[in-house]
Amino acid sequence: MASFYRMEPSTNHTPHTNHTTAEMPFGTRTDLSQLSGTTEAVRREVSRVLVGQHDLVELLLVALLADGHVLLEGVPGVAKTLTAKLLARTLSVPFGRIQFTPDLMPSDVLGTSVYVPARGSFEFRQGPIFSSVVLIDEINRAPAKTQSALFEVMEERHITHDGHTHHLGEPFMVLATQNPVEQEGTYRLPEAQLDRFLFKVLVPYPTEAEEILILQGHHAGAGGLPLNAVQAVVTPEQLHALRRQVRQQHVEPRLFEYVAKLVGLTRTHKSLHLGASPRASIALLNGAKALAALRGRDFVTPEDIQHLAAPVLRHRIQLTPERELEGLGPDDVVRQLLQQVEVPR
Amino acid sequence: MLPSSRRFTYPLGSLATGLLLVQLAVAAPAPVQPQAPSPPAVAAVQQAPAPASVRNFGADELQRLQADDDLHYQEAPPPTNPVSRWWQNLMRRLFDSLPEGSGAVVWRVLIYGVAAVALVLIVMQLLNLRLSDWLRGRGRNIAVPYATEADDVHEQTLPQRLQQAEAQGQWRLATRLGYLLVLKALTDRGLINWTPDKTNHHYQAELQTNAARLVPAFASLTRQFEYVWYGELELEAAPYEQVRTTRQAFLTHLQNRRAA
Chain H
80 MASFYRMEPS TNHTPHTNHT TAEMPFGTRT DLSQLSGTTE AVRREVSRVL VGQHDLVELL
140 LVALLADGHV LLEGVPGVAK TLTAKLLART LSVPFGRIQF TPDLMPSDVL GTSVYVPARG
200 SFEFRQGPIF SSVVLIDEIN RAPAKTQSAL FEVMEERHIT HDGHTHHLGE PFMVLATQNP
260 VEQEGTYRLP EAQLDRFLFK VLVPYPTEAE EILILQGHHA GAGGLPLNAV QAVVTPEQLH
320 ALRRQVRQQH VEPRLFEYVA KLVGLTRTHK SLHLGASPRA SIALLNGAKA LAALRGRDFV
380 TPEDIQHLAA PVLRHRIQLT PERELEGLGP DDVVRQLLQQ VEVPR
Chain U
2 MLPSSRRFTY PLGSLATGLL LVQLAVAAPA PVQPQAPSPP AVAAVQQAPA PASVRNFGAD
62 ELQRLQADDD LHYQEAPPPT NPVSRWWQNL MRRLFDSLPE GSGAVVWRVL IYGVAAVALV
122 LIVMQLLNLR LSDWLRGRGR NIAVPYATEA DDVHEQTLPQ RLQQAEAQGQ WRLATRLGYL
182 LVLKALTDRG LINWTPDKTN HHYQAELQTN AARLVPAFAS LTRQFEYVWY GELELEAAPY
242 EQVRTTRQAF LTHLQNRRAA
């Protein structure tokens, strides 16, 4: 099925410059050619099926390089699931999918012990979470009991069952989709779980031009390219190397202060009754490092931090009821925060 | 067919009408008889004259009556200002609707109390104080002030500090100060609007709107600055010369543009 979508603009959307090696003013210091080549290949494969949505794909690539989980939110039918499946297909790693339903049990996700008569003992049967890329579809349709089963595995990359710890392999990435909580039959995710997502990306409706392209593709190809036309272009070893490179990005010391001030302000802002945790600061820093690498730089700029502030913070902050009634949204508050902190220069 | 209750209405009605007629006949007035005229009252006064005494009101009583609002019949003209008129009407309606007696005092106290609380809340809102914080004894929220360090482009000593950095061979610092000088020059000419929260790319976007021909040179300067400052690149004298040349060319171009 052909699909589309155009991601919402960033709260601080400015034209960014993709610095290639040739544009480096003082010669090459870090070779980012493998990273740019690999990520370009992923983009190419995804765009074989997906129409538009360049910003969404960029954020997914950033999360992939920063070793983080992503929550995609949008109304039904805007191809959240398809985007997640496409990204997973470009990686040659085991892929698992779990459809969250109101009656789902934690053991349906994590696994359970089964009695084996031949051995006369119990054996742990791994659940679908034991994959490298796990697509959790409609994550907010399961109640809090099932959600809490994900706490340990998302943060520590292992689960504890019957007193035994079962480690997950590398890489491990959760791509979850959800409908807005106002939709019928959905639950609000626990704060502790939301905090474990690196980004929350809002997926809006496509633009008219994109929708026309979708229709044309559908009409011409009876649904467009099948998913299996997308090839895996990244191996786990390659991904591991790219992530190591991202971790070594340069960060000017005052940018740490910038991140800390920005996140710290969420804890005292009068419109918020829940601020962001230190995990948010780390997420913002890691994301900025990955974004800088994706844009061809071996150092972070304030621009990278501002660009990712909304996807990192919007699901980690909670507005006071009065502000919510006034129609203020998390992105509005993030915009205010960015205006209150001086850009280090 | 009529309901049973109405079937007995007519005999009872006829009986009542009969009784009324009888009562009217009994109570009919008797014919009027002519009476003899009574003697005039003036004659009685003439027979028993009494000295007329002048009654004076006491000064205290007069003062009390003059102070009584209920005895003031001349009303002040309504104010011409519409806001004052609205306020006067509101007050009159509010207090006229109060019950009389001792309840009125309670209502007045209640109204003044509500007004006082509203005033306090408005003042707290203006001072950015939250009632819950105030009750719990917490301080007010104060926005983090901008750090007014050397990165304020309006700082007057930027050229001197740049010269000093160049003289001391601090090429990285000199690159930074030189870039701030460029931002100052652009701000002074109204080509960008400098605020502390904007990134270099915001300024590039502003320049695209205000002076698109300057964008490539500014982008080059920005790249140099970002690689040296954010990229923590330790420059030598020769690469710095490249930075200095680019900057000087840009500033000269900016000056010539102004002259033209």
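For the protein sequence lines, the chains are H and U, in the order given. In case it helps, the working numbering puts the first sequence at residues 80 to 424. In case it helps, the working numbering puts the second sequence at residues 2 to 261. From the three backbone atoms N, C-alpha and C, an ideal C-beta is built for every residue, glycine too.
Integer Cβ distance of residue i from residue j, believed to fall under 8 Å
| i | j | result |
| --- | --- | --- |
| Arg248(U) | Val183(U) | 6 Å |
| Leu214(H) | Val232(H) | 14 Å between Cβ atoms; not a contact. |
| Phe203(H) | His240(H) | 6 Å |
| Leu373(H) | Leu140(H) | 6 Å |
| Leu392(H) | Thr345(H) | 7 Å |
| Leu321(H) | Thr117(H) | 6 Å |
| Leu151(H) | Lys159(H) | 4 Å |
| Arg177(U) | Trp230(U) | 5 Å |
| Arg127(H) | Val282(H) | In fact, because the Cβ distance is near 19 Å, the residues do not count as touching under 8 Å. |
Residue nearest to residue i in terms of C-alpha spacing, selected from the options
| i | options | result |
| --- | --- | --- |
| Ala213(U) | Lys199(U), Leu187(U) and Trp195(U) | Leu187(U) |
| Ser360(H) | Phe276(H), Ile293(H) and Pro181(H) | Phe276(H) |
| Asn257(U) | Glu237(U), Leu215(U) and Leu222(U) | Leu215(U) |
| Glu270(H) | Val253(H), Phe230(H) and Ile384(H) | Phe230(H) |
| Gly147(H) | Leu417(H), Leu364(H), Val420(H) and Ile396(H) | Leu364(H) |
| Ala250(U) | Tyr228(U), Glu233(U) and Phe219(U) | Phe219(U) |
| Gln327(H) | Ala308(H), Thr314(H), Leu341(H) and Val379(H) | Val379(H) |
| Lys368(H) | Val121(H), Thr109(H) and Asp383(H) | Asp383(H) |
| Gly206(H) | Leu170(H), Met184(H) and Ala221(H) | Met184(H) |
| Gln419(H) | Asp377(H), Tyr337(H) and Ser356(H) | Tyr337(H) |
| His254(U) | Pro217(U), Thr210(U) and Pro240(U) | Pro217(U) |
| Leu351(H) | Val412(H), Arg358(H) and His386(H) | Val412(H) |
| Glu263(H) | Ala355(H), Ala221(H) and Gly300(H) | Ala221(H) |
| Asn307(H) | Leu111(H), Thr169(H) and Val157(H) | Thr169(H) |
| Asp410(H) | Pro423(H), Leu387(H) and Pro400(H) | Leu387(H) |
| Leu416(H) | Lys199(U), Glu227(U) and Thr210(U) | Lys199(U) |
| Val313(H) | Leu268(H), Ser200(H) and Leu143(H) | Leu143(H) |
Residues sharing a beta bridge with residue i, DSSP
| i | result |
| --- | --- |
| Leu214(H) | Arg176(H) and Leu254(H) |
| Gln397(H) | Leu353(H) |
| Leu151(H) | Thr256(H) and Val280(H) |
| His246(H) | His237(H) |
| His329(H) | Phe378(H) |
| Leu170(H) | Val313(H) |
For residue i, three-class secondary structure by DSSP
| i | result |
| --- | --- |
| Gly406(H) | coil |
| Val193(H) | strand |
| Phe201(H) | strand |
| Leu417(H) | helix |
| Val313(H) | strand |
| Ala299(H) | helix |
| Leu215(U) | helix |
| Gln256(U) | helix |
| Ile143(U) | Bear in mind that the predicted position of Ile143(U) carries a pLDDT of just 40, short of 50, making it too unreliable to give a figure here. |
| Leu129(H) | strand |
| Leu143(H) | helix |
| Gln171(U) | coil |
| Tyr231(U) | coil |
| Ala51(U) | coil |
| Glu76(U) | coil |
| Asn365(H) | helix |
| Val157(H) | coil |
| Phe251(U) | helix |
| Arg7(U) | Residue confidence is low: Arg7(U) scores 45 on pLDDT, short of 50, so the model does not pin down where it sits. Its coordinate-derived value is still stated next. Three-state result, Arg7(U): helix. |
| Thr100(H) | Its pLDDT being 42, under 50, Thr100(H) is placed unreliably by the model, and nothing is read from it. |
| Tyr266(H) | coil |
| His348(H) | coil |
| Asp274(H) | coil |
| Met125(U) | helix |
| Trp195(U) | coil |
| Phe325(U) | No statement about residue 325(U) is possible, as the shown extent of chain U runs from 2 to 261 and does not include it. |
| Leu111(H) | coil |
| Thr188(U) | helix |
Cross-chain neighbours of residue i in chain A, by beta carbon under 8 Å
| i | result |
| --- | --- |
| His329(H) | No chain A appears in the structure shown, which is made up of the protein chains H and U. |
Distance cut-off 7 Å: residue i Cβ against heavy atoms of the ligand MN
| i | result |
| --- | --- |
| Trp108(U) | As for the ligand MN, it is missing from this structure, which has no ligand bound. |
Below 9 Å between beta carbons is the criterion; list the residues of the segment 195–209 of chain U that meet it against any residue of chain H, in chain order.
Taken in chain order, the members of the segment 195–209 of chain U whose beta-carbon sits within less than 9 Å of a beta-carbon on chain H are Thr196, Pro197, Asp198, Lys199, Thr200, Asn201, His202, His203, Gln205, Ala206 and Gln209.
Q.
Give me the subset of the segment 225–250 of chain U whose CB atoms are less than 7 Å from a CB atom of chain H, sorted by chain position.
A. Residues of the segment 225–250 of chain U whose Cβ lies closer than 7 Å to any Cβ of chain H, in chain order: Gln225, Glu227, Tyr228, Trp230, Tyr231, Gly232, Glu233, Leu234 and Pro240.
query = What residues in the segment 368–401 of chain H bring their beta carbon closer than 8 Å to a beta carbon of chain U?
reply = Hits within the stretch, in order: Arg376, Asp377, Phe378, Val379, Thr380, Pro381, Glu382 and Gln385.
Q.
By the 7 Å beta-carbon criterion, what residues does the segment 407–419 of chain H contribute toward chain U?
A. Taken in chain order, the members of the segment 407–419 of chain H whose beta-carbon sits within less than 7 Å of a beta-carbon on chain U are Leu417, Gln418 and Gln419.
Next item on the list: Report the residues of the segment 163–178 of chain H with a CB closer than 7 Å to any CB of chain U, ordered along the chain.
Entry: Answer set for the segment 163–178 of chain H: empty.
Handout entry: Members of the segment 204–216 of chain H that neighbour chain U once the beta carbon cut-off is set at 8 Å
Key = Contact residues of the segment 204–216 of chain H toward chain U are absent (C-beta to C-beta distance below 8 Å).
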